[in-house]
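Worksheet for the structure shown next.
Residue numbers (UniProt numbering): 1 to 622.
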């Protein structure tokens with residue numbers, strides 16, 4: 001037996017129909033599915049998935065992505081929904097029920113959910129800031145502001161662009177590097193407080209209010225995406241963006257990082273290992289088809305990623321064409337001012353003919369002009385991930401669309417809905433384990449405790465409202481939301497299959513759903529999924545170890561942010577990065593060691609008490 005107390009636990013759990021403590025329930029199945037979908041479908045579906053498609057050969061990326069969904073994502077999703085539904089408790093309670101030595105696994109999920117919730121809600125605060133400014137006409141990021149003397153535009157804005165200036169200076173007021181902390185930005189503090197207040201209002205009564213809120217937060221994004229889809233397809237250049245998305249570049253599949261990013265994307269996109277899905281499924285009746293639920297949530301999540309990519313790439317195609325034409329118009333103006341063209345004009349239609357003619361007749365003069373290289377493919381390949389896509393690329397495209405205020409409002413309301421429904425899962429992954437373990441004093445109402453949790457999170461997250469806040473958010477995103485989740489998921493599937501017992505787990509599912517898991521689930525749970533998680537973890541560590549971590553520091557002397565200063569993290573910051581990766585998972589061995597020490601101590605004391613020579617009076621009589 002792998003763990004000493006496992007035999008005793010099995011004797012107490014031989015009957016799979018044992019009584020379960022009364023627990024709150026969803027009002028209906030639709031609420032549960034919408035909540036799970038809302039938790040899984042988040043901001044990453046709208047900005048990270050399109051970014052990965054853009055840099056990894058468009059349609060070619062879908063191949064490793066779908067393979068990862070089938071062999072890694074769906075098996076883990078089914079396992080979490082099933083084990084939460086069967087044991088009807090939060091993440092800490094589930095793993096404690098399987099073995100006391102696994103209690104640290106639930107604590108790890110709790111810590112990850114707490115840390116991710118800190119920076120995730122900061123993104124919602126940024127979205128609120130842009131939403132409030134979306135009602136202005138013209139949009140504040142459409143033009144550079146005037147300098148103090150009103151003699152021209154702000155130099156920093158002229159050197160970059162209005163959208164980048166509004167993001168890095170007006171919104172973040174970013175410092176030149178992470179070592180320069182900067183002060184708290186009062187406008188971001190107010191937006192962050194507003195974001196946490198909205199989360200609290202929606203979460204105040206647990207699943208009673210969450211379930212009702214998800215009717216809006218989980219469905220509204222699809223309405224907005226559909227509106228954007230119809231509008232984006234009518235933009236000039238939209239076809240170029242869609243061709244770029246769906247034309248596969250098969251050569252990229254030879255790059256191992258494509259497969260690594262596909263595996264991690266499907267994993268993080270489904271919100272596995274956070275504990276939120278286990279908590280949500282624990283409010284289900286035990287007689288529920290969790291296999292069908294996993295397939296619905298997983299497929300809707302992947303469909304959303306692809307569906308969201310269509311209007312986004314159409315808009316990126318429109319933006320690329322705008323930049324392409326602006327580039328050619330600049331060249332046309334330069335050529336017209338230099339050469340005596342005569343009565344004819346150089347236009348976009350005859351530009352290539354004129355350029356070829358002038359290159360043939362006066363190549364040295366043309367070369368001396370320093371004409372820009374205008375290539376549509378290059379503009380299509382210009383990529384921005386995460387905040388860059390939402391707050392720079394998309395905002396720049398919006399100002400060029402008729403009725404830009406309407407599209408800006410719709411876009412940021414959609415982003416807020418996506419982020420808010422994901423925040424429900426993060427907060428649930430923290431509160432449910434604490435309440436299930438009775439760590440909250442009975443005299444504190446749940447509503448008050450939830451408010452205290454939100455207030456604590458808001459206070460800690462103030463670090464992200466500083467001038468260096470964006471740098472710290474990138475650190476949290478990179479180091480909290482990566483390696484810890486891989487480790488947690490690996491131990492989860494090992495615990496269920498090889499400690500709880502795959503046959504026992506199959507019996508549970510058969511009792512809950514009416515049928516035994518088929519060969520697909522058996523093979524993936526036992527072998528393929530654990531192996532993939534292990535390989536992805538090793539590959540991630542190896543790739544990270546090969547290069548010293550760097551970050552992009554805003555330098556207003558450059559024309560565009562992708563050309564910003566690339567700096568190495570200071571040693572003390574790198575130590576914090578390592579601590580953020582280790583902090584959540586260190587509870588796994590610590591709790592196991594503590595339980596094992598307690599078991600040994602109890603064993604020794606029992607033997608001591610049973611030994612007659614341990615009694616002083618006995619020794620005296622002898």
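The beta carbon of each residue, even a glycine, is placed where N, CA and C say it ideally should be.
Could you tell me the distance, in whole angstroms, from the CA atom of residue 105 to the CA atom of residue 236? The residue labelled residue 105 in the question sits at position 105 within the chain shown. The residue labelled residue 236 in the question sits at position 236 within the chain shown. The C-alpha of residue 236 is placed about 52 angstroms away from the C-alpha of residue 105.
Report the partner residues of residue 153 according to the DSSP bridge assignment. In the chain shown, residue 153 corresponds to position 153, counting from 1. Bridge partners of residue 153: 146.
From the DSSP secondary-structure annotation, give me the bridge partner or partners of residue 566. Residue numbering aside, residue 566 sits at position 566 when the chain shown is read from its first letter. Looking at the DSSP assignment, residue 566 forms a beta bridge with 552.
Distance between beta carbons of residue 127 and residue 419, contact taken as under 8 angstroms: Position 419 of the chain shown holds residue 419. Position 127 of the chain shown holds residue 127. Rounded, the Cβ-Cβ distance is 7 angstroms, consistent with contact.
With a threshold of 8 angstroms on Cβ separation, who are the neighbours of residue 45 within its own chain once the five nearest residues in sequence on each side are excluded? Locating residue 45 in the chain shown gives position 45, where the first residue counts as 1. Only residues of its own chain outside the window of five on either side were considered, and among them 269, 301, 304, 305, 308, 418 have a CB closer than 8 angstroms to the CB of residue 45, listed in chain order.
First and last residue of the alpha helix (DSSP H) that includes residue 79? Taking the first residue of the chain shown as 1, we reach residue 79 at position 79. It spans 74 to 87 - the alpha helix (DSSP H) in which residue 79 sits, taken as one unbroken run.
Cα-Cα separation, residue 336 to residue 346: Locating residue 336 in the chain shown gives position 336, where the first residue counts as 1. Locating residue 346 in the chain shown gives position 346, where the first residue counts as 1. Rounded to the nearest angstrom, the two C-alpha atoms are 7 angstroms apart.
Report the residue from 407, 602, 182 whose alpha carbon sits nearest the alpha carbon of residue 462. Position 462 of the chain shown, counted from the first residue, corresponds to residue 462. The option with the nearest alpha carbon to residue 462 is 182.
For the alpha helix (DSSP H) that contains residue 328, what are its first and last residues? In the chain shown, the residue the question calls residue 328 occupies position 328. Per DSSP, residue 328 belongs to the alpha helix (DSSP H) from 290 to 338.
So, under 8 angstroms CB-CB, residue 258 and residue 485 are touching, yes? Tell me the CB distance rounded to an integer number of Å. Taking the first residue of the chain shown as 1, we reach residue 258 at position 258. Taking the first residue of the chain shown as 1, we reach residue 485 at position 485. With 8 angstroms as the limit, residue 258 and residue 485 do not qualify as a contact, their Cβ atoms being about 20 angstroms apart.
Could you check which residue in 392, 509, 380, 76 has the C-alpha nearest to that of residue 85? Here residue 85 is taken as the residue at index 85 of the chain shown, counted from 1. Of the candidates 392, 509, 380, 76, the one whose C-alpha sits nearest the C-alpha of residue 85 is 509.
Under the rule that 16 or more other beta-carbon atoms within 10 Å means buried, what is residue 261, buried or exposed? By 1-based counting over the chain shown, the position of residue 261 is 261. So residue 261 ends up on the buried side.
Do three or more CB pairs link the stretch 21 to 30 to the stretch 193 to 213 at distances below 8 angstroms? yes
Just grab the DSSP bridge partners of residue 184 for me. Along the chain shown, one-based indexing puts residue 184 at 184. According to DSSP, which records beta bridges pairwise, residue 184 is partnered with 466.
Please state whether the Cβ-Cβ distance between residue 204 and residue 492 is less than 8 angstroms. Taking the first residue of the chain shown as 1, we reach residue 204 at position 204. Taking the first residue of the chain shown as 1, we reach residue 492 at position 492. No, these two residues do not count as a Cβ contact at 8 angstroms.
Mapping DSSP to helix, strand and coil, what is residue 423? One-based indexing of the chain shown puts residue 423 at position 423. Reduced to three states, the DSSP call for residue 423 is helix.
Runs of alpha helix (DSSP H) wholly within the stretch 188 to 245 (minimum 4 residues, chain order): For secondary structure counted as the alpha helix (DSSP H) over 4 or more consecutive residues, the stretch 188 to 245 holds these complete runs in sequence order: 207 to 217, 220 to 232.
Should residue 47 go down as buried or exposed, given a rule of 16 or more other Cβ atoms within 10 Å for buried? Mapped onto the chain shown, residue 47 falls at position 47. Buried is the call here.
By DSSP, does residue 514 sit in helix, in strand, or in coil? Taking the chain shown and counting its residues from 1, the one referred to as residue 514 is at position 514. Three-state DSSP puts residue 514 in coil, outside helix and strand.
When you compare the stretch 516 to 524 with the stretch 451 to 467, are there three or more beta-carbon pairs, one atom per stretch, that lie closer than 8 angstroms? no
Since residue 140 contacts residue 414 with CB under 8 angstroms, what's their CB separation in whole angstroms? Working through the chain shown from its first residue, we reach residue 140 at position 140. Working through the chain shown from its first residue, we reach residue 414 at position 414. 20 angstroms between Cβ atoms; not a contact.
According to DSSP, is residue 560 helix, strand or coil? Residue mapping note: residue 560 aligns to position 560 of the chain shown, counting from 1. Confidence in residue 560 is poor, its pLDDT being 46 and thus under 50, which makes the residue's placement unreliable; the coordinate value appears in the next sentence. The answer is coil: DSSP assigns residue 560 none of H, G, I, E or B.
Closest by C-alpha distance to residue 424, when choosing among 198, 144, 292: As a working mapping, residue 424 is identified with position 424 in the chain shown. The candidate whose alpha carbon is nearest that of residue 424 is 198.
Using only the alpha-carbon positions, how far apart do residue 525 and residue 497 sit? Within the chain shown, residue 525 is the residue found at index 525, counting from 1. Within the chain shown, residue 497 is the residue found at index 497, counting from 1. Taking the straight line from one Cα to the other gives about 7 angstroms.
7 angstroms Cβ shell around residue 397 - same chain, five flanking residues per side excluded: In the chain shown, counting from the first residue as 1, residue 397 sits at position 397. For residue 397, where only same-chain residues beyond five positions count, the Cβ hits under 7 angstroms are 315, 318, 319.
Hey, would you say the C-beta of residue 281 is under 7 angstroms away from at least one heavy atom of the ligand FAD? Among the ligands in the structure shown, none appear at all, so the ligand FAD cannot be discussed.
Whole-angstrom distance between residue 161 and residue 264, CA atom to CA atom: Taking the chain shown and counting its residues from 1, the one referred to as residue 264 is at position 264. Taking the chain shown and counting its residues from 1, the one referred to as residue 161 is at position 161. Rounded to the nearest angstrom, the two C-alpha atoms are 33 angstroms apart.
Which of the three DSSP states, helix, strand or coil, is assigned to residue 23? By 1-based counting over the chain shown, the position of residue 23 is 23. Coil.
Can you tell me where the alpha helix (DSSP H) holding residue 111 begins and where it ends? Position 111 of the chain shown, counted from the first residue, corresponds to residue 111. 103 to 133 is the span of the alpha helix (DSSP H), which, as asked, contains residue 111.
Name the two residues that bound the continuous alpha helix (DSSP H) containing residue 623. No answer is possible for residue 623: the residues shown for the chain start at 1 and end at 622.
Around the C-beta of residue 407, are 16 or more other C-beta atoms found within 10 angstroms, so that it is buried, or is it exposed? Translated into the one-based positions of the chain shown, residue 407 becomes position 407. Counting Cβ neighbours within 10 Å, residue 407 comes out buried, since at least 16 surround it.
Start-to-end residues for the alpha helix (DSSP H) that takes in residue 35: Within the chain shown, residue 35 is the residue found at index 35, counting from 1. Start and end: 29 to 40.
Can you tell me whether DSSP reads residue 441 as helix, strand or coil? The residue given as residue 441 occupies position 441 in the chain shown. It is coil, neither helix nor strand.
Rounding to the nearest angstrom, what Cα-Cα distance links residue 483 and residue 412 in this structure? Taking the first residue of the chain shown as position 1, residue 483 is located at position 483. Taking the first residue of the chain shown as position 1, residue 412 is located at position 412. So the two alpha carbons sit approximately 30 angstroms from each other.
Give me, in chain order, the residues of the same chain whose beta-carbon lies closer than 7 angstroms to that of residue 527; leave out the 5 immediate sequence neighbours on both sides. Counting from one through the chain shown, the residue named residue 527 turns up at place 527. Excluding its 5 nearest sequence neighbours in each direction, residue 527 has no C-beta neighbour in its own chain below 7 angstroms.
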